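The structure appears below as structure tokens.
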Amino acid sequence: MRNSSHAAIETMRRLEGIVGSAMDAIITVDATQRIILFNPAAEHMFGLSAKEALGEHISRFIPERYRAGHSAHIRQFAETGVTSRQMGALGAVSGLRANGEEFFLEASISHVGLDNETLATVILRDVTERKVNEEARLLLAREVDHRAKNALAVVQAVVSLTRAATKEEFIAAVRGRVSALARAHSLLAHNRWEGADLNQIVADETAPYQRPGQLRFTGPAIRLEPNVVQPISLLIHELATNAVKYGSLSQEHGRVDIEFAIQPDEALKLSWHEYGGPPVSPPQTKGFGSTLISEVTTRQLGGKVEIEWLPVGMRFTAILPAKVYLRETSPSRALTLQAKILPIAKEKSGRVLVVEDESLIALELCDMLASLGWIVIGPVGSVAEAMRVLDGTAPVDVALLDVNLDGSLVYPLAERLASEGVPFVFCTGYAQLDDDRFVGRPVVRKPINAAELLGEMRRATSLLAA
Numbered sequence: 003m004r005n006s007s008h009a010a011i012e013t014m015r016r017l018e019g020i021v022g023s024a025m026d027a028i029i030t031v032d033a034t035q036r037i038i039l040f041n042p043a044a045e046h047m048f049g050l051s052a053k054e055a056l057g058e059h060i061s062r063f064i065p066e067r068y069r070a071g072h073s074a075h076i077r078q079f080a081e082t083g084v085t086s087r088q089m090g091a092l093g094a095v096s097g098l099r100a101n102g103e104e105f106f107l108e109a110s111i112s113h114v115g116l117d118n119e120t121l122a123t124v125i126l127r128d129v130t131e132r133k134v135n136e137e138a139r140l141l142l143a144r145e146v147d148h149r150a151k152n153a154l155a156v157v158q159a160v161v162s163l164t165r166a167a168t169k170e171e172f173i174a175a176v177r178g179r180v181s182a183l184a185r186a187h188s189l190l191a192h193n194r195w196e197g198a199d200l201n202q203i204v205a206d207e208t209a210p211y212q213r214p215g216q217l218r219f220t221g222p223a224i225r226l227e228p229n230v231v232q233p234i235s236l237l238i239h240e241l242a243t244n245a246v247k248y249g250s251l252s253q254e255h256g257r258v259d260i261e262f263a264i265q266p267d268e269a270l271k272l273s274w275h276e277y278g279g280p281p282v283s284p285p286q287t288k289g290f291g292s293t294l295i296s297e298v299t300t301r302q303l304g305g306k307v308e309i310e311w312l313p314v315g316m317r318f319t320a321i322l323p324a325k326v327y328l329r330e331t332s333p334s335r336a337l338t339l340q341a342k343i344l345p346i347a348k349e350k351s352g353r354v355l356v357v358e359d360e361s362l363i364a365l366e367l368c369d370m371l372a373s374l375g376w377i378v379i380g381p382v383g384s385v386a387e388a389m390r391v392l393d394g395t396a397p398v399d400v401a402l403l404d405v406n407l408d409g410s411l412v413y414p415l416a417e418r419l420a421s422e423g424v425p426f427v428f429c430t431g432y433a434q435l436d437d438d439r440f441v442g443r444p445v446v447r448k449p450i451n452a453a454e455l456l457g458e459m460r461r462a463t464s465l466l467a468a
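Going by my numbering, the sequence shown opens with residue 3, and the numbers climb by one from there.
Next comes the structure, spelled out in structure tokens:
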């Protein structure tokens, strides 16, 4: 008898130890829903001592709007043994701490009959952090979905609205506009969608189209709001391509001055002035490019636009509201930037190795290069396949390398090409390379613009020669 009593006491002590050391809150209530057990984890969770909690009604820890019917819920869930992931057993989606703070809970309930009384035990886990993370992931997924669909809608509009006299001109126009959107997207991604520098946008959108000394831009360091980066990138792209086709950049000695300044009323003034090109006059018909320039400036950016057709060249001036740039912009910090790219000479052609694992991109790239007179080797979709091609073919003059080949990085191939003196250009959708060994190597961002690609191929060759 004594042994049986001793065993019972030991068992009770062990149970008390388990309940006391449990990481989850354990609360037991009697048939009237009064608390008779409140373990240390419950004390920590709800912010009051067991002494204060014992005898209290369980509804004290349920937000008032969820209290109706909680007793019936406890009985129902206790009898069925159902586990609730949002404190459904207590008829609520959250718990209530002693200080009035609500928080998310996960609960399970069981019951036991003892001395003709039914006791219910609730085991609770604070899942606030998990819930916040789940909501953050859901929000991120929705935002990614929104941005992806919005980007596709813009591309669809570009394709639908672009007009050209020939198929080749249409393809070039669409490629150019989509590339401008992609460059803006890469800038935003690189800056964690916190805006982008106007100087960088101008440099990116004009680099493929001008010779050294043709373009000069001055102004303060201005950081644009995220939602205006793509529209302004498209605006600068259209001005640049128009200048290449009809304006000052179509001539060897033509030039463009770009100036941006913060005006006394805090509006942003953006000027594009062309000199030294062929005589210009207002277009007889308004094409999509002209419409895009006007619509982006006035409707999307909420600004004013003025275009002058002068004997010396076209002048474009836009006055944009202060909301397009971030307020930390410093009007006193003036910059004068001179673009530095290789002169446009007669295009060289030769044998080019294309390493790209995405079939449609590879086909487009090969078609583009073939139309420009290059002999295309490939495309190949892996480093191993590219190595075999190099072992078994005549030397190549330049290689185009996708950075990520179905999860494998192309850098071992780049190392071999560098050791053998073969120039190469990285073609990637990443905002930047993640291998410091190749910093400064020529890179083009996807989707690829033909003029930019040829420029970087020339630069790759010149780096090798240097």
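Heads up, the beta-carbon is just placed ideally off N, CA and C, and yes, glycines get one too. Here the structure is a predicted model, which is why all the values come from computation and not from measurement.
{"Asked": "Under the three-state DSSP convention, the category residue 418 falls into", "Found": "helix"}
{"Asked": "Sub-8 angstroms separation of residue 424 and residue 458 beta-carbons", "Found": "no"}
{"Asked": "8 angstroms contact criterion, which residue 223 and residue 201 should meet: CB distance rounded", "Found": "7 angstroms"}
{"Asked": "Inter-residue spacing [alpha-carbon to alpha-carbon] between residue 44 and residue 229", "Found": "47 angstroms"}
{"Asked": "For residue 234 and residue 263, the rounded distance between their alpha carbons", "Found": "15 angstroms"}
{"Asked": "Same chain, Cβ closer than 7 angstroms to residue 63, five either side skipped, listed in chain order", "Found": "48, 97, 98"}
{"Asked": "Complete runs of the alpha helix (DSSP H) confined to the stretch 287-327 [at least 4 residues]", "Found": "290-297"}
{"Asked": "Segment limits, beta strand (DSSP E) that includes residue 97", "Found": "96-98"}
{"Asked": "Reduced DSSP category for residue 229 - H, G, I as helix; E, B as strand; rest coil", "Found": "helix"}
{"Asked": "Segment limits, alpha helix (DSSP H) that includes residue 178", "Found": "169-192"}
{"Asked": "Where residue 248 falls: helix, strand or coil (DSSP)", "Found": "coil"}
{"Asked": "Buried versus exposed, by CB contacts within 10 Å (16 or more), residue 169", "Found": "exposed"}
{"Asked": "Candidates 226, 211, 213: closest to residue 186 by CA position", "Found": "226"}
{"Asked": "Identity of the residues DSSP links to residue 113 by a beta bridge", "Found": "122"}
{"Asked": "Opening and closing residue of the beta strand (DSSP E) in which residue 103 lies", "Found": "First-last for residue 103: undefined, no H or E at that position."}
{"Asked": "Given 8 angstroms, three or more beta-carbon pairs between the stretch 190-204 and the stretch 440-447", "Found": "no"}
{"Asked": "Proximity to residue 399 [Cα-Cα], best of 410, 377, 415, 405", "Found": "377"}
{"Asked": "DSSP three-state assignment for residue 203, whether helix, strand or coil", "Found": "helix"}
{"Asked": "Helix, strand or coil at residue 22 according to DSSP, with G and I counted as helix", "Found": "helix"}
{"Asked": "Under 8 angstroms between C-beta atoms of residue 56 and residue 37", "Found": "yes"}
{"Asked": "DSSP state of residue 68 mapped onto helix, strand, coil", "Found": "helix"}
{"Asked": "With 16 other Cβ atoms within 10 Å as the buried cut-off, status of residue 128", "Found": "buried"}
{"Asked": "Complete beta strand (DSSP E) runs within the stretch 358-417 (minimum length 3 residues, chain order)", "Found": "377-382, 400-404"}
{"Asked": "Buried versus exposed call for residue 342 [16 or more other C-beta atoms within 10 Å across all chains shown]", "Found": "Residue confidence for residue 342 is low, a pLDDT of 37 falling below 50, so the modelled location carries little weight and cannot support an answer."}
{"Asked": "DSSP state of residue 1 mapped onto helix, strand, coil", "Found": "An answer regarding residue 1 cannot be provided, because it is not within the stretch 3 to 468 covered by the chain."}
{"Asked": "Three-state secondary structure assigned by DSSP to residue 217", "Found": "strand"}
{"Asked": "Under the three-state DSSP convention, the category residue 30 falls into", "Found": "strand"}
{"Asked": "Residue 357 beta carbon less than 8 angstroms from that of residue 328", "Found": "no"}
{"Asked": "CA nearest to the CA of residue 217, picked from 256, 194, 232", "Found": "256"}
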